[in-house]
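These notes concern the structure reproduced below.
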Amino acid sequence: MNKIKLLSLGALMVTAMYANAQTTAHTKPTGYVTHTLKAGQFNLIGLTLHNPVVASGDIQGFTGGTQITDNDINFANVLTAGKTYILEITDAADTSLNGTIQEVTVWGANTFDTPQDLQAEGLAVGDKYQLRACKTISSVFGITAEGLLSGTSTTADIIWVPIGGGGYEKYFYHPGGGLLGVAGWKKVGGGSADTSGDTLSSGMIIQRRSPTPYNAKINVPDTWDVE
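Residues 25 to 251 in our numbering are what the sequence shown lists, from first letter to last.
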């Protein structure tokens with residue numbers, strides 16, 4: 025079962041009420057966490073506030089184990105194309121499945137797909153779920169990385185995102201020009217590719233290369249403010 029618990033449960037600390045999908049009213053959490061980024065060092069930050077639930081309900085069927093059906097919701101209307109969503113199983117008959125997390129990037133009118141076969145793991149019709157938008161580099165740190173030092177991979181502030189096994193993906197904001205092309209979020213070793221939509225989980229390290237510290241707020245809904 026550990027293989028399908030892809031993200032820490034601590035990364036989903038904001039909960040919302042759920043009932044029948046046709047009458048569900050989701051609360052919208054608000055608030056912020058302030059982080060002081062100290063100059064010239066590595067700063068560990070966590071994403072303890074998460075996005076509101078956008079859909080929830082009871083599982084009504086499976087196709088091939090990896091496609092889940094809920095006929096009470098039109099996911100094409102409530103989910104945004106191009107975004108990644110986090111599925112959380114909240115109330116399963118097999119209680120060991122509660123808290124199971126999957127990323128969702130593919131959906132239809134009344135279905136969404138999961139990377140793994142949750143039916144084979146014991147998920148059943150009637151089990152409850154919820155979906156929330158996943159945080160991304162640009163949704164947390166801003167389209168233009170306000171307050172962070174832009175530059176190249178050797179001069180800019182670097183966001184270290186753990187990927188398991190002791191490895192990291194490293195991101196920075198490039199102001200544009202040269203081999204890296206237009207301004208935007210880049211990944212070390214990723215060339216000129218836009219990485220603003222790459223997803224974040226529960227924690228990361230910010231390597232502050234700027235000579236000055238600053239306070240930043242991570243808000244719910246997503247915004248990154250400089251105090």
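Every residue, glycine too, gets a C-beta built ideally from N, C-alpha and C. Just so we're clear, the structure is a prediction, and the values are computed from it rather than from any experiment.
DSSP-derived helix/strand/coil call for residue i
i, result
"Ile110", "strand"
"Leu121", "helix"
"Val164", "helix"
"Gly200", "coil"
"Asn95", "coil"
"Glu170", "coil"
"Gln143", "coil"
"Ala105", "coil"
"Thr60", "strand"
"Val128", "strand"
"Thr236", "coil"
"Gly175", "coil"
Span of the beta strand (DSSP E) around residue i
i, result
"Ser80", "77-82"
"Ala133", "Counting along the chain, Ala133 falls outside any beta strand (DSSP E), and DSSP gives it neither H nor E."
"Pro253", "In this structure the chain extends from 25 to 251, so residue 253 is not present and cannot be described."
"Gly208", "208-211"
Beta bridge counterpart(s) of residue i as assigned by DSSP
i, result
"Gly227", "Gly70"
"Leu155", "Ala79, Leu111"
"Asp137", "Gln91"
"Gly85", "Thr93"
"Gly191", "Gly188"
Inter-residue Cα distance where the pair is residue i and residue j
i, j, result
"Pro53", "Val77", "Confidence in Pro53 is poor, its pLDDT being 45 and thus under 50, which makes the residue's placement unreliable; the coordinate value appears in the next sentence. If you take the alpha carbons of Pro53 and Val77, they lie about 9 Å apart."
"Gln154", "Thr135", "13 Å"
"Tyr192", "Gly132", "33 Å"
"Gly201", "Ser220", "17 Å"
"Gln65", "Leu203", "28 Å"
"His50", "Asn67", "Legend: pLDDT at His50 = 44, less than 50; position of this residue unreliable, no value from coordinates given."
"Ser225", "Gly150", "28 Å"
"Ser80", "Gly227", "25 Å"
"Lys159", "Ile229", "16 Å"
"Ala240", "Ser163", "14 Å"
"Thr236", "Glu170", "14 Å"
"Ala116", "Arg232", "43 Å"
"Glu112", "Gln126", "7 Å"
"Phe196", "Thr58", "21 Å"
"Gly106", "Ser234", "33 Å"
"Asn95", "Gly70", "36 Å"
"Gly283", "Phe86", "The structure shown does not extend to residue 283, since the chain is modelled only from 25 to 251, so the question has no answer here."
"Ile161", "Leu61", "17 Å"
"Thr108", "Asp218", "16 Å"
"Lys152", "Val206", "44 Å"
"Thr129", "Asn98", "15 Å"
For residue i, the first and last residue of its enclosing alpha helix (DSSP H)
i, result
"Ala100", "99-102"
Contact test: residue i Cβ vs the ligand PLP heavy atom, cutoff 6 Å
i, result
"His59", "Although the ligand PLP was asked about, the structure shown includes no ligands whatsoever."
Practice problem: Determine contact between the region 119-127 and the region 178-186, defined as no fewer than three beta-carbon pairs at a distance below 8 Å. | Solution: At 8 Å Cβ cutoff, the stretches do not touch.
Quiz item: Would the region 163-178 and the region 197-214 be scored as touching if the rule is three or more Cβ pairs under 8 Å?
Solution: The region 163-178, when compared against the region 197-214, does touch it at the 8 Å Cβ threshold.
Quiz item: How about the region 84-95 and the region 140-148: do they share at least three Cβ pairs that are nearer than 8 Å?
Solution: Between the region 84-95 and the region 140-148 there are three or more C-beta pairs closer than 8 Å, enough to call the two in contact.
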